[in-house]
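Q: In short: position in the sequence shown from 1, add 103, done, that's this note's numbering. I am attaching a structure below and will ask some questions about it afterwards.
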Amino acid sequence: MFAIDVDNVSRTFNHNGTVVTALDGVDLSVSVGECVALLGKNGAGKTTLTKILATLLLPSSGSARIMGKDVATHPEHARAATSAVFGGDRGFYPMLSGRENLRYHAALAGLAGTNARSRIAEAVQAVGLELAQDRPVEQYSKGMKQRLHIAAGMLKQAPVMLLDEPTVGLDPVEAQRLRESVAASVQSGTTVLLTSHNLHDVEALAHRVVLLDDGVIRMTGSVADFRALAGFTAVVTATVPEASKSELAGIKQPVDVTLVEHGHVHINVKLPDWGAESVAIISQVHSIPGVLEVAVRSATLDESFAAFFAQKNEEAS
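See below:
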């Protein structure tokens, strides 16, 4: 049994008399304890699929199951097995404190007494709101409200967690702490479906990546598979004297000049792999007279994302 099992799901909306297709025949299976990142541009259908799994929308056709229970015919079972975190400003009473809001969410989840207090304390600590839990939520920053949403989602300790843009509004320290909390949940066996435009979240958490575009799954694979969409493995960057530009002609890969400043040129060279030719290119760059600030980095998931849609646009033109 899969924790999440989506079978040929489509969803359409009527917008001013026009039928708009948000999802078109989506198939997706997520194993117990797996973290899958659902990626795509705005309007790709990510939130629509997440809302169907959270029983907030019904599919127009097809079926979706959470822990074996159909979300349309057994929504109460699906809800009991799911924690959905959508973030934003809604969902909390602004005049109440963070702790009081969590007590309310605990009651909605059927928690009471010592069990509720224990779960609230654990969730507050996990998201780092210990010092702010007794302040009114109306005094919270956007990032603090986002962390409170995550804490509320942790209360049920449900086997499946749906996270929609969990690090929006968080500073780097808050985001890292939240990733650690989610990673610990996955490590303990929680299944996570993550939608995020922050590809650092994906790199840190996901076992697998699913790319959704125009309501259709275009690609599914490991993070390494997704990274390969960039078309290159790594990038060597360097700053070289403008007088040494002639040395660049001997490099076998295209050289991008990104900036000219104070008599120096900043260059990027994309490496196709970690083979002998790429090692030779790195050595060539190091040997350029007067070279400064040589660095080598792997291709980023942002570059993979951009490359996929650049190729799509090129094919469409």
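Beta carbons are placed, not taken as given, at the ideal position from N, Cα and C, and that holds for glycine.
Near Gly334, what residues of its chain come up, given a Cβ to Cβ distance below 7 Å and the 5 sequence neighbours on each side ignored?
A: Correct list, in chain order: Ala410.
Q: How is Asp127 classed by DSSP in three states: helix, strand or coil?
A: It is a strand residue.
Q: Just list the residues that DSSP pairs Val313 with in beta bridges.
A: Leu141 and Thr323.
Q: Would you kindly check if the distance between the Cβ of Met247 and the Cβ of Ser284 is under 9 Å?
A: No, these two residues do not count as a Cβ contact at 9 Å.
Q: I believe Val399 touches Ile385 by the beta-carbon criterion, under 8 Å. Please report the beta-carbon distance rounded to the nearest angstrom.
A: That belief holds up - the Cβ atoms of Val399 and Ile385 are roughly 6 Å apart, short of 8 Å.
Q: Measuring only the C-alpha atoms, how far is Gly120 from Gly272?
A: Each residue's alpha carbon lies about 36 Å from the other.
Q: Using the Cα positions of Ser113 and Tyr196, report the straight-line distance between them to the nearest angstrom.
A: Cα to Cα, Ser113 sits roughly 35 Å from Tyr196.
Q: Quick check on the DSSP output: the alpha helix (DSSP H) that includes Ser382 runs from which residue to which?
A: Reading off the sequence, residue 382 comes out as Val, not Ser. Element bounds for Val382: Ala379 to Ser390.
Q: Cα separation between Lys245 and His118?
A: So the alpha carbons of these two residues sit roughly 31 Å apart.
Q: Can you tell me whether DSSP reads Gly231 as helix, strand or coil?
A: In the structure shown, Gly231 sits in coil (DSSP, three-state: anything other than H, G, I, E or B).
Q: On the three-state DSSP scale, how would you describe Asp304?
A: The answer is helix: DSSP assigns Asp304 an H, G or I state.
Q: Over the uninterrupted alpha helix (DSSP H) stretch that includes Asp405, give me the two end residues.
A: Where Asp405 is concerned, the enclosing alpha helix (DSSP H) stretches over Leu404 to Ala419.
Q: Please report the distance separating the alpha-carbon of Ala307 from that of Arg282.
A: One C-alpha to the other measures close to 7 Å.
Q: On the three-pair Cβ rule with 8 Å, is the segment 230–244 touching the segment 212–220?
A: At 8 Å Cβ cutoff, the stretches do not touch.
Q: Please report the Cβ distance between Thr158 and Ala181, rounded to the nearest whole angstrom; I am assuming they are in contact, meaning their Cβ atoms lie under 8 Å.
A: Correct: roughly 5 Å between the Cβ atoms.
Q: Comparing C-alpha positions only, which one of Leu156, Glu345, Asp376 and Ala147 sits nearest to Leu395?
A: Of the listed residues, the one whose Cα sits closest to Leu395 is Glu345.
Q: Let's see if you can read the secondary structure: which residues bound the alpha helix (DSSP H) around Val285?
A: Start and end: Pro275 to Gln290.
Q: Is the beta carbon of Leu332 less than 9 Å from the beta carbon of Ala140?
A: For Leu332 and Ala140, no; Cβs fall outside 9 Å.
Q: Please classify Phe189 as buried or exposed, where buried requires at least 16 other C-beta atoms within 10 Å of its C-beta.
A: It counts as buried.
Q: At the level of alpha carbons, what is the spacing between Val343 and Ser401?
A: In a straight line, the C-alpha of Val343 is about 21 Å away from that of Ser401.
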